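First residue of the sequence shown: 20, per my numbering; consecutive thereafter.
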Amino acid sequence: MSASSVLRSSRSFKPKLNFFGVLLALASSWRRPVAPASAAFAPRLGVGPLPDGMDCLPHGAAVALVARDRHSAQRWYPALLADAVSASRVFLLAPSAEWADWLLSHAVLHTAHAQGRLVIWTMAPNLPSLLRTQGLQPLCAELQSVGLRPEHAVYVMDAQPLFMGMDVQPLLRMGEQLRVWCLKRQQPVVLGFFPPTEVQVDADASGTAVAAQIDVLPMLYGLCGMTMHIATLSASADHSTLQFERWNGNSGAVFQTGFGLKIDPSTQQLRYAGSRTQGQGQVLIEAPDQRAVIATRAAVAQQHGVPPHWHIVETLEDVAVATAHSVGATVLIDAGSSNEFEACARLVHHLRLTRPLSLKIVVRESTGKLRSHSEQALLQMGANAIFYRELGFSRLLQLLQDIHTQSYKRPINPDYAQALNAFVPALARGYQQASEFSRLVRDMLARTQDIGLGHSMVRLDIAPQIAHITALRACKMTRDGDLVTASRSAVYVFLFACREPDIESALQRLFEVPVAHLFSAQSADCSNAGMISMLDGLDKAARQGLSDYSSLLAPGAPATPVVPVALAASPTSSPAAVVPVLPQATLTVDTEGLMAPAALPAKQASIYAKPIGQRPKDHATP
């Protein structure tokens, strides 16, 4: 087998070479005097010193290093190779000549390459298929033929194309070959994996291509059995987390242990920030300020027994200053009033993007109650927990104690306005003409569909003796996003961020008289598909013509008073109780079958309920 079938020279300053030229050039480079590596250096992970020598690269078994994002790859791999060339000669298999050129733009690596301590080759396009059919032996043989020795380290970047898409049996065979080969080596064998790439998978129901990310960890778990060392690096703002999925350190084997890293301003390299997590849930087990609490004064106002070691600050702006160097502390912020929500949300979002994930952020209700969507927005923007106003202070202290080991795990949208927009209701409330009602509701459903924010739509069939305007005037909505409209025979109510168990209490709050006194039947739907179907029926009725009550419901609109109306007893029942009727409207039937307001005589009237079947129905209702 020829060397050119597996490896290709990757020296950007050299012209294209034939087969023999590649071999000769490589041989001459290895014959040049090489500056000896200092015995003080050992192959390391390209990050600052970690506890228990966890930053030392093991040998005798394959090491898989996975960069979870592009930022991590660009910062990690050059530093990793800089540590490698300080400890030994390095054989690097690069994914492309362009990537090798970018790597050599770093002064340390360029010098090592010129001195022969770093030899770079690119992998030929046919190498993955060759490995699938013949295993690892052809690559190992060719590396040896071009100068690789047991005392040389081997780094493969990017190793993902060599293994992905391989069937189980060839993968197991390659894993065993890799394990045996690593046992014979005196320096590390490192497989670097670039950020997961998006690949096109099956189209969705609409025919649109769906992209999915490839996760290499399941493949790595089975590649060399339990002998492979696996670590991942992920970045968040100027903080990173180095996660050891399985590793052998000086203190023995560790599994799913994470170390918080931050950028050293003097060297621009990643170094240990002092925090350590354990397990898939990233439980915080070590941080220099793990027990510290920074709280706003409003969050602990009029509370007795505030621990003396707590750091109390006056404003939200002071919180940002006090947490500038925090790693694992807990921040307790007051939610404030509804007008102060945005300032609170902005601070939570800022802290989560600029502080380590081990920082705990807790928001406590102080002067008012948070709406459901506001609570969910804070959690999605970075808050670990929301404490309700009814929670006693002693219980609050216990809950803070319970969460001091937490580490935030949700993904954060870096665009604050975009992140908040998904949770903000329409800037409208109360009655809307039918077509406008439909437009506003559809917009809110579309914006919140992907964040799991639940809403409710209620159809209330108007009782025969009740006028539309009476039912609408009885509905008093004070929160943005809560909307109401009317069709020919029903009132539609949309409740933003209101789930099914809360519908009844919400209706009781919104209507000034019992709902049963105004409506004959009720139906609700909390699914997006069901609400869209109800809107479709309403839109169809609107196209055929529906009354607009905007002028009658506008502030300052004239209205006539009414008196309570008593329901007369039917021949077969006992006398009914007096039903309170809202003022300012009475009942007449217009020529289109719609209930309309009219003047009421000074004396009390008696109304007999008509069968529901005699009322006019919408042409299209869900």
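By construction, the Cβ of each residue, glycine as well, lies at the ideal position given by its N, Cα and C atoms.
Note that this is a predicted model, so its numbers are computed, not measured.
query, result
"Assigned secondary structure, T489 (DSSP; H/G/I helix, E/B strand, else coil)", "helix"
"Residue interval of the alpha helix (DSSP H) (run including K559)", "N547 to R562"
"Assigned secondary structure, Y427 (DSSP; H/G/I helix, E/B strand, else coil)", "coil"
"Range covered by the beta strand (DSSP E) that runs through L538", "Before going further, note that residue 538 is Phe rather than Leu in the sequence given. Segment F538 to D544, the beta strand (DSSP E) holding F538."
"Same chain, Cβ closer than 7 Å to F213, neighbours up to 5 away in sequence not counted", "A86, A92, D177 and Q179"
"Simplified DSSP assignment, three categories, for F412", "helix"
"Per DSSP, cross-strand counterpart(s) of W200", "Answer is none; W200 lacks a bridge partner."
"Burial state of G194, where buried means 16 or more other Cβ atoms lie within 10 Å", "buried"
"Secondary structure of T130, DSSP reduced to three states", "helix"
"Cβ neighbour criterion (16 or more within 10 Å) applied to L158", "buried"
"Length of the line joining the Cα atoms of A46 and H369", "Note that A46 scores a pLDDT of 33, beneath 50, so its modelled location is shaky; the value from the coordinates is reported in the next line. If you take the alpha carbons of A46 and H369, they lie about 55 Å apart."
"Segment contact, 8 Å Cβ cut-off, at least three pairs: the stretch 235-250 with the stretch 110-123", "no"
"Cβ separation of I313 and V350, assumed to be a contact under 8 Å, to the nearest whole Å", "5 Å"
"Sequence-distant residues of the same chain with beta carbon closer than 7 Å to L439, five excluded per side", "A364 and A396"
"Status (buried if at least 16 other CB within 10 Å, exposed otherwise) for V340", "exposed"
"Test item: CB-CB of S391 and A525 under 8 Å", "no"
"Beta carbon of F274 nearer than 8 Å to that of L261", "no"
"The stretch 456-469 in contact with the stretch 411-418 per 3-pair CB rule at 8 Å", "no"
"Nonlocal neighbours in the same chain, by C-beta distance under 7 Å from G387, ignoring five residues either side", "S356 and S357"
"Alpha helix (DSSP H) runs contained entirely in the stretch 312-362, provided each spans 4 or more residues", "335-341"
"Beta strand (DSSP E) runs contained entirely in the stretch 76-153, provided each spans 3 or more residues", "81-86, 109-113 and 137-142"
"For A318 and I352, believed in contact at Cβ under 8 Å, the rounded distance", "6 Å"
"From D462, L335, P430 and Q437, residue whose alpha carbon lies closest to that of P444", "D462"
"Buried versus exposed, by CB contacts within 10 Å (16 or more), R478", "buried"
"Where the beta strand (DSSP E) containing F274 begins and where it ends", "G271 to I282"
"Rounded separation between T373 and Q437 - CA only", "18 Å"
"Opening and closing residue of the beta strand (DSSP E) in which L289 lies", "L289 to Q297"
"Sheet register partners of G449 (DSSP bridge)", "L502"
"Distance between beta carbons of L472 and K495, contact taken as under 8 Å", "Contact flag wrong, Cβ pair sits at about 24 Å."
"C-beta atoms of L419 and V381 nearer than 8 Å", "yes"
"When S457, H474, I481 and Y568 are compared against D555, the one with the closest alpha-carbon", "S457"
"Cβ neighbour criterion (16 or more within 10 Å) applied to L99", "buried"
"Stretch pair the stretch 329-349 + the stretch 105-115: three plus CB contacts closer than 8 Å", "no"
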